[in-house]
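Under numbering that gives the first Met the number 0, think of the first position of the sequence shown as 0, with each following residue one higher. For each residue, glycine too, the CB sits at the ideal point set by N, CA and C. On a predicted model such as this, the values are computed, not experimentally measured, just so you know.
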Amino acid sequence: MCGIVGYTGKNDAYPIVVKGLHRLEYRGYDSAGVALMRDGIQLFKCKGKVSDLEDHVGKSDTSGSAGIGHTRWATHGPPNDANAHPHMSMSGELVLIHNGIIENYDSIKKELQQRGYEFQSDTDTEVLVNLIEEIKKQEEMSLSTAVRRALKEVIGAYAIVVMSKNEPGTLVAARKSSPLVVGLGGDGDFYVASDATPIVEYTKNVVYLEDGEIAELHPDHEMKLFNIKEQKVTPFIQELELHLEQLEKGGYDHFMLKEIYEQPRSVRDSMRGRLSINKGIVQLGGIADYEQKLINAQRIIIVACGTSWHAGLVGEYLIEDLARIPVEVEYASEFRYRNPIITEKDVVIAISQSGETADTLAALELAKSKGATILGVCNVVGSSIARTTHGGSYTHAGPEIGVASTKAFTAQVTVLTLMALMLGNRKGTIDRSRFQRLLLGLDAIPDKIERALQTNELVEKISAKFKDARNFLYLGRGYCFPVALEGALKLKEISYIHAEGYPAAEMKHGPIALIDEEMPVVVIATKGPSYEKVVSNIQEVKARKGVIIAIVTEGDTQVKEMADYTIEIPEIEEMFTPLVASIPLQLLSYHIAVMRECNVDQPRNLAKSVTVE
Ligand code: M6R
């Protein structure tokens, strides 16, 4: 996590860097800081958000045409002023920002301490900047050479940008396992950031750094790029597809609400060019070369974290149901460390909105090293996971800024649905008429999401009744079980109310003991094969005085009679329920969080992109 941004060119760096930090704040918001090059290095940093940093800077002189900035998600040391980046070397010659973790920082720190270095912070980053200083002190060398040599001694993950007061105007940027992108401005200016969002309004020409690469950026000079072996590399310049309006709230109070409302469009975009009703086909270009491999796979293993893991569960149900290929869904963080059995006959699919989640990336790399075919379902184009995989399908949901995943989830489920349909059709496990019926059903989903969004007012009223609840239970069966898990995660992460998702039938094996008149129980009770069973589960809750909030199919009467509150969604094929039933649950968590005055887009302790283990 952490967001880093840098600029060098003809303009003042401060406004560019601070604006960039606002865009990157989704990556962490424990502290923020900037360093500007002007007759030496000017440093401003403090605990808190980027707006706190702006208050802290106040009316100070912020001129200087090179600068770096950082917004932190704390790993080493608590969020405080001292641990905020940028970090300066002891002599004050160098200043550095860092996203990642230096695993061997402790041993390097001890060596440096023996040489007389003193440290102001608890961070691994301050160790790195002093290591560069120490190397640079030993013989005459450029900043970029010293950075390259220092990085050879470092174990861990990093994206860094360094400035030296002896080389004003030069930025040295490097990455390993943490993302970094360089923007090439038209006037010979350079921008560097954790992702392209701080860059897009200045230039569309970018270079995504590869692992081990180091860039030397100096205005009016060509970008110099080296690999860790100190060989020159030709930068691969790409054109950004990102648009500025996608990064703004567009009249909504929060990014999360905007993103919830974008779902009819984002789900449509996930299907665009992939589903053709007229031709009766589904095609996913990015995995076309691996179709046979998927069909013949001994197993498909889905690896993911958080919301993306919930999408993976839906994917398991879909692929097993439609294509009859065995699927396992694994938490990436468990999979990578539990010595799993992986063979060349396995296909491992990573699901990740950011494409940067450290555990998911590591799980993929493990699978790749064992000979498995690895595919990705990512939202961020050009992300590390997208570049590591053999093939994959982008979700095309557009940038998701709110920390709580909403449109990314429905887009992931849409892509997995397309994948399952495509495989089932090719394999012949779905007959032609069912296939055609499902294509029509899927094509109609954006309109059904639109109708589900019309429950907003009702959901807001229901939210008001439960905003002070201390616990929530979410229940669902079949395709609605992952929806229950996702609904509970949404509530807990943004409103800080404890919530659990359970398969409805599991309730009687433990959680039923929690039920009393204080316990709201959200049940996804839409029409489908397990409807009657869910009705029985609702009765079990009612018998113990639990309060039921039920998501039902339009026109339902049976559940309506039993439930305390019902929210109707349009009738849909059971397997598409996650795409529509999650909408009122997203709204429920959103309204409860707003009523509790929580920071919806930036919930405490969280970050959008989890690039640490
Ligand atoms: O970027 P990813 O999809 O790999 O992120 C995985 C999780 O951190 C993420 O889904 C998280 O659980 C959500 N932001 C929760 O809403």
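Tell me the rounded alpha-carbon separation between E449 and P234. C-alpha separation (whole angstroms): 44 Å.
DSSP-derived helix/strand/coil call for S382: Look at S382 here: in three-state DSSP terms it is coil, with no helix or strand label.
Measure from the alpha carbon of S30 to the alpha carbon of each residue in K48, S494, G250, then state which is nearest. When K48, S494, G250 are compared, the shortest CA-CA separation from S30 is found for K48.
CB-CB length for M421 against L317, believed under 8 Å: Contact annotation, M421 with L317: C-beta distance approximately 11 Å; criterion of less than 8 Å not satisfied.
Residues that DSSP places opposite G391 in a beta bridge: BP columns for G391 point to G375.
Let me make sure I understand the geometry here. Which of S494, A419, L578, L452 has the alpha-carbon closest to that of C479? The shortest Cα separation from C479 among S494, A419, L578, L452 belongs to L578.
Counting only the same chain and skipping the five closest in sequence on each side, list residues whose C-beta sits under 6 Å from that of H75. For H75, where only same-chain residues beyond five positions count, the Cβ hits under 6 Å are D121, T122, D123.
Contact defined as beta carbons within less than 8 Å: I believe I227 pairs with K151. What is the distance between those atoms, to the nearest angstrom? With a beta-carbon spacing of about 7 Å, I227 and K151 fall inside the 8 Å limit used to define contacts.
What do you reckon, are the CB atoms on L374 and I340 nearer than 8 Å? Not a contact, by the Cβ cut-off of 8 Å.
For the stretch 211-251, which segments carrying the beta strand (DSSP E) assignment without a break, of at least 3 residues, lie completely within its bounds, in sequence order? Within the stretch 211-251, the complete beta strand (DSSP E) runs of at least 3 residues are 213-216, 223-225.
Report all residues for which the CB-ligand distance to some heavy atom of ligand 1 is below 5 Å; order them along the chain. That query returns the following residues: C304, G305, T306, S307, S351, Q352, S353, T356, A403, S404, V609.
Between the C-alpha atoms of K369 and K344, what's the straight-line distance to the nearest angstrom? Looking at the two C-alpha atoms, the distance is approximately 10 Å.
Output the distance between the C-alpha atoms of S50 and R22, rounded to the nearest integer angstrom. Taking C-alpha positions only, S50 is separated from R22 by approximately 12 Å.
Nearest-angstrom Cβ-Cβ length linking I350 and I301, presumed shorter than 8 Å: Confirmed, Cβ separation roughly 6 Å.
For H220 and K9, the rounded distance between their alpha carbons: So the alpha carbons of these two residues sit roughly 13 Å apart.
Between the Cα of E125 and those of K426, E92, R386, E138, spot the shortest distance and give me the residue it belongs to. Nearest C-alpha to E125 among K426, E92, R386, E138: E92.
Looking at C-alpha atoms only, which residue of G423, M0, G187, Q291 is the closest neighbour of I100? Residue M0 holds the alpha-carbon nearest to the alpha-carbon of I100 among G423, M0, G187, Q291.
Count Cβ pairs between the stretch 452-465 and the stretch 353-367 that sit closer than 8 Å; are there 3 or more? The count of Cβ pairs closer than 8 Å, one atom from the stretch 452-465 and one from the stretch 353-367, stays below three, leaving the stretches out of contact.
Please determine, among L490, P197, F118, K175, the residue with the shortest C-alpha to C-alpha distance to H69. Taking only the C-alpha atoms, the option nearest H69 is P197.
What's the gap between the Cα of Q453 and the Cα of K489? When rounded, the distance between both Cα atoms is 20 Å.
Given this structure, state the Cα-to-Cα distance separating E620 from Q352, to the nearest angstrom. Because residue 620 is not part of the residues shown, which for the chain are 0 to 612, the question remains open.
Between A81 and the rest of its own chain, which residues show a CB-CB distance below 7 Å, the 5 nearest in sequence each way excluded? Correct list, in chain order: Q119, S120.
Going along the chain, which unbroken runs of the alpha helix (DSSP H) with 4 or more residues stay wholly within the stretch 406-492? Runs of the alpha helix (DSSP H) inside the stretch 406-492: 406-426, 431-442, 444-452, 455-465.
Under the assumption that Q411 contacts T428 (Cβ atoms under 8 Å), give the Cβ distance between them as a whole number of angstroms. Not confirmed; about 22 Å, so no contact.
Q613 versus V379: straight-line alpha-carbon distance, rounded: The displayed coordinates of the chain run from 0 to 612. Any statement about residue 613 would go beyond what the structure contains.
Go ahead and label T250 buried or exposed: buried means 16 or more other beta carbons lie within 10 angstroms of its beta carbon, across all protein chains shown. Reading off the sequence, residue 250 comes out as Gly, not Thr. Counting every other CB atom within 10 Å of its CB across the protein chains shown gives G250 a total below 16, marking it as exposed.
By DSSP, does A158 sit in helix, in strand, or in coil? In this structure, A158 counts as strand in the three-state DSSP scheme.
The stretch 386-400 / the stretch 269-282 touching (three or more Cβ pairs under 8 Å): The stretch 386-400 vs the stretch 269-282: in contact.
Please report the straight-line C-alpha distance between G2 and Q538, rounded to a whole angstrom. The C-alpha of Q538 is placed about 49 Å away from the C-alpha of G2.
Just confirm the distance between the C-beta atoms of S177 and N98, as a whole number of angstroms; I'd bet it's less than 8 Å. Rounded, the Cβ-Cβ distance is 5 Å, consistent with contact.
Ends of the alpha helix (DSSP H) at V533? Following the DSSP letters along the chain, one finds V533 inside the alpha helix (DSSP H) bounded by residues 530-542.
Between E596, E209, T7, P528, which has its C-alpha nearest G187's C-alpha? The shortest CA-to-CA distance from G187 to any of E596, E209, T7, P528 is the one to T7.
Taking the alpha helix (DSSP H) that Y28 falls in, what are its first and last residues? Going by DSSP, Y28 is part of no alpha helix (DSSP H) at all; its letter is neither H nor E.
Run through the stretch 39-119 for me and flag every whole beta strand (DSSP E) of 3 or more residues, listed as ranges in chain order. Counting whole runs of 3 or more residues, the stretch 39-119 contains the beta strand (DSSP E) stretches 40-46, 65-71, 93-101.
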